[in-house]
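Asks:
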């Protein structure tokens, strides 16, 4: 290992496994060794892909790219993963020059933006994920040579070990977060991709299987209507993680169980420094009797429009639909139509359930203020 930059890169890789916020600088070092403009670290599971980039500009490029070619479905990624090569590979290893000239990924996206030649490796880790380390160089610089591939091959095992270490640390961090929420009396679970539970505290476990259910594919809710809303909320979170907001899901009372509210809290921004594999935290709280929250709070809790929230607040306060129509200055038919939309968004079917839910939409007697 004659290049001192390799020593620095390897040290930095293990540091980033412990402190994920360091990955952009690590990737910048990797890009420098590869004589590349930028680099990206991707985690692939099925068709889904998450990534960290070496620069904000390259991150925007990847967001644009994934907007056109979602997840791992693009031909470049598929061919790299299908190659199953235990080392780094170049575009020439998976495409002919004629294919590159005709493929829209190169022709319409990378080459017009000054990119187009890269070097990458796909590393399978015990969690079932595939980690891709990829450097993208200027198209004018030409293909990556074999000498450079041999050089970066020496770093591959370190990326692999760092990925395994980071995954194990993530699990411990997830358990710590779930335990911390238990200490303040909140039943909670840390959720990974597609809603699979990474860790759940004992308070939430006590609600299984009557309220929550730890299924093989994902954490679910026993109530079918609430579970459907949870699935929709998680799908929305996956499509727009940067714009995600807290989503609250009502769970109607069943049998001896009181009504609950499940709050799906996205893990974004600095939260990924602590929980890089987590997508969200689910907190399930029982409904306790209290004052009816204001329309603005109801709107924030359940993602209602202002008109829907005002009607829900009046119904929760005891108004009949006819009285609500008079108070709002609208027709009874409009009230019925709006109420149907409220039921659809809250997963409830009866007016009595809506009243009971909203009269207790608080945590420990405190109304929970969120944005949705």
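Numbering (my numbering), first residue to last: -11 to 360. Glycine included, C-beta positions come from ideal geometry on N, C-alpha and C.
What number of angstroms, rounded off, separates the C-alpha of residue 296 from the C-alpha of residue 343?
Replies: The residue you call residue 296 lines up with position 308 of the chain shown. The residue you call residue 343 lines up with position 355 of the chain shown. Distance between the alpha carbons of residue 296 and residue 343 is about 14 Å.
Asks: Quick check on residue 337: does DSSP put it in helix, strand or coil?
Replies: The count along the chain shown starts at 1 and reaches residue 337 at position 349. If DSSP states are grouped into helix, strand and coil, residue 337 belongs with coil.
Asks: Looking only at its own chain, which residues have a Cβ that is under 7 Å from the Cβ of residue 1, when we skip the five neighbours before and after it?
Replies: Stepping through the chain shown from its first residue, residue 1 is reached at position 13. Correct list, in chain order: 14, 146, 147 and 150.
Asks: What does the alpha-carbon distance come out to for the pair residue 64 and residue 17?
Replies: Within the chain shown, residue 64 is the residue found at index 76, counting from 1. Within the chain shown, residue 17 is the residue found at index 29, counting from 1. Taking the straight line joining both Cα atoms gives about 23 Å.
Asks: Out of 243, 244, 242 and 250, which has the shortest C-alpha to C-alpha gap to residue 235?
Replies: What you label residue 235 is simply residue 247 of the chain shown in a count that begins at 1. Checking every option, the nearest Cα to that of residue 235 belongs to 250.
Asks: In its own chain, which residues sit with a C-beta less than 7 Å from the C-beta of residue 242, not counting the 5 before and 5 after it?
Replies: Indexing the chain shown from 1 puts residue 242 at position 254. So the qualifying residues of the chain are 211.
Asks: For residue 203 and residue 313, what's the separation of their Cα atoms in angstroms?
Replies: To locate residue 203, count along the chain shown from 1; it is residue 215. To locate residue 313, count along the chain shown from 1; it is residue 325. Cα-Cα distance, rounded: 43 Å.
Asks: Just reading off the alpha helix (DSSP H) that residue 21 is part of, what are its end residues?
Replies: Taking the first residue of the chain shown as position 1, residue 21 is located at position 33. Per DSSP, residue 21 belongs to the alpha helix (DSSP H) from 11 to 21.
Asks: Alpha carbon to alpha carbon, how far is residue 140 from residue 223?
Replies: Indexing the chain shown from 1 puts residue 140 at position 152. Indexing the chain shown from 1 puts residue 223 at position 235. Each residue's alpha carbon lies about 37 Å from the other.
Asks: Taking the alpha helix (DSSP H) that residue 147 falls in, what are its first and last residues?
Replies: Numbered from its first residue, the chain shown carries residue 147 at position 159. Residues 134 to 171.
Asks: Can you give me the C-alpha to C-alpha distance between residue 263 and residue 37, rounded to a whole angstrom?
Replies: Numbered from its first residue, the chain shown carries residue 263 at position 275. Numbered from its first residue, the chain shown carries residue 37 at position 49. At residue 263, the pLDDT of 47 sits below 50, so the modelled position is not reliable; the number obtained from the coordinates is stated separately. Each residue's Cα considered, the two are about 16 Å apart.
Asks: Is it buried or exposed, residue 130, if we count other Cβ atoms within 10 angstroms and call 16 or more buried?
Replies: Translated into the one-based positions of the chain shown, residue 130 becomes position 142. Exposed.
Asks: So what does DSSP say about residue 110, is it helix, strand or coil?
Replies: Here residue 110 is taken as the residue at index 122 of the chain shown, counted from 1. In the structure shown, residue 110 sits in a strand (DSSP, three-state: E or B).
Asks: Cβ-heavy atom distance between residue 200 and the ligand ATP below 8 Å?
Replies: Although the ligand ATP was asked about, the structure shown includes no ligands whatsoever.
Asks: Please state whether the Cβ-Cβ distance between residue 153 and residue 266 is less than 9 Å.
Replies: Residue 153 sits at position 165 when you count from the first residue of the chain shown. Residue 266 sits at position 278 when you count from the first residue of the chain shown. Not in contact: residue 153 and residue 266 (Cβ atoms no closer than 9 Å).
Asks: When the Cα atoms are used, what is the spatial distance from residue 132 to residue 73?
Replies: Indexing the chain shown from 1 puts residue 132 at position 144. Indexing the chain shown from 1 puts residue 73 at position 85. When rounded, the distance between both Cα atoms is 16 Å.
Asks: When the Cβ atoms of the region 23 to 34 are set against those of the region 76 to 96, are three or more pairs found closer than 8 Å?
Replies: Touching, no, given that fewer than three Cβ pairs across the two stretches are closer than 8 Å.
Asks: Going by the CB atoms, is the gap between residue 177 and residue 192 shorter than 9 Å?
Replies: Numbered from its first residue, the chain shown carries residue 192 at position 204. Numbered from its first residue, the chain shown carries residue 177 at position 189. Closer than 9 Å, so yes.
Asks: Checking 9 Å against the spacing of the C-beta atoms, do residue 273 and residue 329 come in under that value?
Replies: Numbered from 1 along the chain shown, position 285 holds the residue referred to as residue 273. Numbered from 1 along the chain shown, position 341 holds the residue referred to as residue 329. No, they are not a contact pair.
Asks: Would residue 108 pass as a contact of residue 120 if the rule is Cβ separation under 9 Å?
Replies: To locate residue 108, count along the chain shown from 1; it is residue 120. To locate residue 120, count along the chain shown from 1; it is residue 132. Their beta carbons are under 9 Å apart, which means residue 108 touches residue 120 by this criterion.
Asks: Check each candidate in 239, 253 and 254 and name the one with the smallest Cα separation from residue 247.
Replies: Taking the chain shown and counting its residues from 1, one reaches residue 247 at position 259. Among 239, 253 and 254, the Cα nearest to that of residue 247 is on 239.
Asks: Could you give the DSSP three-state label for residue 325: helix, strand or coil?
Replies: Translated into the one-based positions of the chain shown, residue 325 becomes position 337. The answer is helix: DSSP assigns residue 325 an H, G or I state.
Asks: Label residue 325 either buried or exposed according to how many other C-beta atoms from any shown protein chain fall within 10 Å of its C-beta, with 16 as the threshold for buried.
Replies: Within the chain shown, numbered from 1, the residue matching residue 325 stands at position 337. Classification for residue 325: exposed.
Asks: Between 321, 93 and 275, which lies nearest to residue 310 when the distance is taken from Cα to Cα?
Replies: Against the chain shown, residue 310 aligns to sequence position 322. If we check each option's Cα against that of residue 310, 321 comes out closest.
Asks: By alpha-carbon positions, which one of 81, 190, 183 and 103 ends up nearest to residue 172?
Replies: Reading the chain shown from its first residue, position 184 is the one you call residue 172. If we check each option's Cα against that of residue 172, 190 comes out closest.
Asks: Just list the residues that DSSP pairs residue 202 with in beta bridges.
Replies: The sequence position of residue 202 within the chain shown is 214, counting from 1. For residue 202, which the question treats as bridged, DSSP gives the partners 207.
Asks: Spatial neighbours of residue 186 within its chain, please: C-beta separation below 7 Å, excluding the five flanking residues on both sides.
Replies: Here residue 186 refers to the residue found at position 198 when the chain shown is read from its first residue. Around residue 186: 159, 162, 178, 179, 180, 265 and 266.
Asks: On the CB-based measure, 16 or more other CB atoms within 10 Å of its CB, does residue 51 come out buried or exposed?
Replies: Position 63 of the chain shown, counted from the first residue, corresponds to residue 51. With fewer than 16 other Cβ atoms within 10 Å, it is exposed.
Asks: For residue 337, collect the residues of the same chain with a Cβ closer than 7 Å to its Cβ; drop the 5 residues on either side in sequence, then sort them by chain order.
Replies: The residue you call residue 337 lines up with position 349 of the chain shown. These residues qualify, in order along the chain: 331.
Asks: Within this structure, are the beta carbons of residue 218 and residue 252 separated by less than 9 Å?
Replies: Within the chain shown, residue 218 is the residue found at index 230, counting from 1. Within the chain shown, residue 252 is the residue found at index 264, counting from 1. Contact flag set, yes.
Asks: Could you tell me the distance, in whole angstroms, from the CA atom of residue 7 to the CA atom of residue 126?
Replies: Within the chain shown, numbered from 1, the residue matching residue 7 stands at position 19. Within the chain shown, numbered from 1, the residue matching residue 126 stands at position 138. Distance between the alpha carbons of residue 7 and residue 126 is about 30 Å.
Asks: Tell me whether the beta-carbon of residue 23 lies closer than 9 Å to the beta-carbon of residue 136.
Replies: Counting from one through the chain shown, the residue named residue 23 turns up at place 35. Counting from one through the chain shown, the residue named residue 136 turns up at place 148. Yes, the pair counts as a contact, with Cβ atoms nearer than the cut-off.
Asks: Going by DSSP in three states, residue 308 sits in which element: helix, strand or coil?
Replies: Stepping through the chain shown from its first residue, residue 308 is reached at position 320. In this structure, residue 308 counts as coil in the three-state DSSP scheme.
Asks: For a quick check, are the C-beta atoms of residue 26 and residue 123 less than 9 Å apart?
Replies: One-based indexing of the chain shown puts residue 26 at position 38. One-based indexing of the chain shown puts residue 123 at position 135. It is a contact, given that the beta carbons lie within the stated cut-off.
Asks: On the CB-based measure, 16 or more other CB atoms within 10 Å of its CB, does residue 333 come out buried or exposed?
Replies: Here residue 333 corresponds to residue number 345 of the chain shown, with the count starting at 1. Buried, by the Cβ-count rule.
Asks: Distance, Cα to Cα, residue 271 vs residue 80?
Replies: Within the chain shown, the letter at position 283 stands for residue 271. Within the chain shown, the letter at position 92 stands for residue 80. The alpha-carbon atoms of residue 271 and residue 80 are separated by roughly 49 Å.
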